[in-house]
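Chemist: Questions regarding the structure given below will be posed in turn.
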Amino acid sequence: MAQLLSEALDHGIMSDYTGKLLSVFESQENRNIDASALLNSRASQTLIDPLSQRELEILQLIAQGLSNHEIGERLFLALSTVKGHNQKIFDKLQVQRRTEAVARAHELGLL
Numbered sequence: 018m019a020q021l022l023s024e025a026l027d028h029g030i031m032s033d034y035t036g037k038l039l040s041v042f043e044s045q046e047n048r049n050i051d052a053s054a055l056l057n058s059r060a061s062q063t064l065i066d067p068l069s070q071r072e073l074e075i076l077q078l079i080a081q082g083l084s085n086h087e088i089g090e091r092l093f094l095a096l097s098t099v100k101g102h103n104q105k106i107f108d109k110l111q112v113q114r115r116t117e118a119v120a121r122a123h124e125l126g127l128l
């Protein structure tokens with residue numbers, strides 16, 4: 018796309034507009050390079066088994082400081098179900114505690 022915009026600019030096709038598009042495209046391309054570097058640094062920390070939508074939802078509530086009982090009430094789940102989800106989250110994140118899970122999730126960009 019950048020090449021097409023450059024060629025259009027070289028041929029004087031809507032120079033003002035084409036120039037603006039090209040500058041926006043190039044700045045976006047630079048941002049994508051930065052984002053790509055960030056993703057690559059996190060690639061070594063990726064999860065073997067990703068969290069499900071429900072697990073992510075529960076993890077967000079854990080991060081908000083809700084107890085298992087409060088999470089169960091909010092999501093209409095039995096306490097044992099919440100505890101089961103917690104265990105799966107802990108296993109997938111390779112942690113032992115709720116605070117570790119939240120910290121690990123932040124490291125991985127899950128929260």
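For the sequence shown, our numbering begins at 18 and goes up steadily by one. A virtual CB, placed ideally from N, CA and C, is assigned to each residue, including glycine. A quick note: this is a predicted structure, and the numbers were derived from the prediction, not measured.
Under 8 angstroms Cβ to Cβ from I88, same chain only, skipping five residues before and after it: list those, please.
Modeler: Cβ neighbours of I88 beyond the five flanking positions: I75, L78, I79, L94 and V99.
Chemist: With H, G and I counted as helix, E and B as strand and the rest as coil, what does DSSP make of V99?
Modeler: Reduced to three states, the DSSP call for V99 is helix.
Chemist: Using C-beta distances below 8 angstroms, list every residue in its chain close to V119, excluding the 5 sequence neighbours before and after it, in chain order.
Modeler: Counting only Cβ-Cβ distances below 8 angstroms, and skipping sequence neighbours, we find L76, I79, A80 and L128.
Chemist: To which residues of the same chain is E72 closer than 8 angstroms at the C-beta, ignoring the five residues directly before and after it?
Modeler: Closer than 8 angstroms at the Cβ level, and outside the excluded window around E72, lie H102, K105, I106 and K109.
Chemist: Taking the alpha-carbon of Q111 as reference, which of A19, K37, L38 and I65 has the nearest alpha-carbon?
Modeler: The option with the nearest alpha carbon to Q111 is I65.
Chemist: Is DSSP giving V112 helix, strand or coil here?
Modeler: The answer is coil: DSSP assigns V112 none of H, G, I, E or B.
Chemist: So Q70 is in the alpha helix (DSSP H); what residue range does that whole segment cover?
Modeler: From DSSP, the alpha helix (DSSP H) with Q70 extends over Q70 to A80.
Chemist: Compare the Cα-Cα distances from Q70 to each of L21, L92, Q113 and T116 and report the closest residue.
Modeler: For Q70, the nearest C-alpha among the options comes from L92.
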